[in-house]
Amino acid sequence: MTTMTRLDELTGEYVVDPDRSKIGFIARHSMATRVHGYFGEFQGSAHLDGDEPSKSAARLTIVAKSLRTHDQRRDEHLRGKFLDTATHPVITFASTKVEQTAQATFTVTGDLALRGVTKPVSVDFELTGTENDSRGELRVRFTGSVTINRRDWGVNWNAATALLISEKVALQFDVTAIRHP
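Its first residue numbered 486, the sequence shown is counted upward by one per residue in the working numbering.
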């Protein structure tokens with residue numbers, strides 16, 4: 486992708502391209518190893534205002550049971566005991582504030598709803614590129630991350646897991662979105 490320098494060229498309505506986006510996480514296990522995972526099903530949308538980035542907004546819905554760590558037994562355990570996907574099938578994020586912090590970086594603050602608990606988080610994003618695809622549609626790419634305390638959302642199984650698995654979980658976003666005319 487080629488990075489554009491003029492944000493006003495990006496103004497419009499966008500839909501997340503799930504085939505070219507990845508939403509992942511990293512959690513430390515037993516203080517010696519890290520577990521990497523991702524969510525395979527999600528959808529999102531955004532309104533980008535290049536003239537006034539503070540008027541931009543974003544929404545994301547993740548299917549919780551689409552969690553994958555490349556270990557089926559661990560995945561089932563995380564879906565059931567930690568995320569309780571039977572009761573809480575989706576994880577959502579809805580922005581409440583967008584702040585431009587540099588030419589191509591932004592802090593997006595919003596409400597993260599996970600396991601029936603909604604709390605504010607601020608995610609730092611960088612606009613890493615733009616391009617017109619073969620159909621002439623504009624694509625933008627943002628990468629970002631935030632570290633949360635999983636226990637703030639009640640993501641814990643028992644006292645032993647509270648000791649074996651770090652409370653801190655890094656959420657990582659590599660999102661490509663397509664502008665709709």
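A virtual CB, placed ideally from N, CA and C, is assigned to each residue, including glycine.
Please read all numbers here as calculations on a predicted model, not as lab measurements.
Indicate, with yes or no, if the ligand ADP has a heavy atom lying under 6 Å from the CB of residue i.
i	result
residue 534	In the structure on display, the ligand ADP does not appear, and there are no ligands present to speak of.
Let me check understanding here. Comparing Cα to Cα, which of the options lies closest to residue i?
i	options	result
residue 636	621, 630, 653, 625	653
residue 569	607, 493, 550, 580	550
residue 626	651, 496, 498, 505	505
residue 508	498, 521, 497	521
residue 606	632, 621, 666, 586	632
residue 523	536, 497, 555	555
Tell me the rounded alpha-carbon separation between residue i and residue j.
i	j	result
residue 545	residue 493	23 Å
residue 664	residue 541	14 Å
residue 613	residue 661	10 Å
residue 583	residue 641	30 Å
residue 615	residue 495	9 Å
residue 576	residue 547	5 Å
residue 571	residue 513	25 Å
residue 501	residue 659	10 Å
residue 530	residue 543	6 Å
residue 594	residue 579	8 Å
So is residue i buried or exposed if we call it buried at 16+ other beta carbons inside 10 Å?
i	result
residue 651	buried
residue 608	buried
Starting from residue i, follow its DSSP beta bridges and name the residues at the other end.
i	result
residue 505	Beta-bridge pairing links residue 505 to no other residue.
residue 655	511, 632
Margin query: Which runs of the beta strand (DSSP E) at least 3 residues long sit entirely within the region 565 to 639? Give them in chain order.
Written below: Runs found: 575 to 587, 590 to 599, 602 to 617, 623 to 634.
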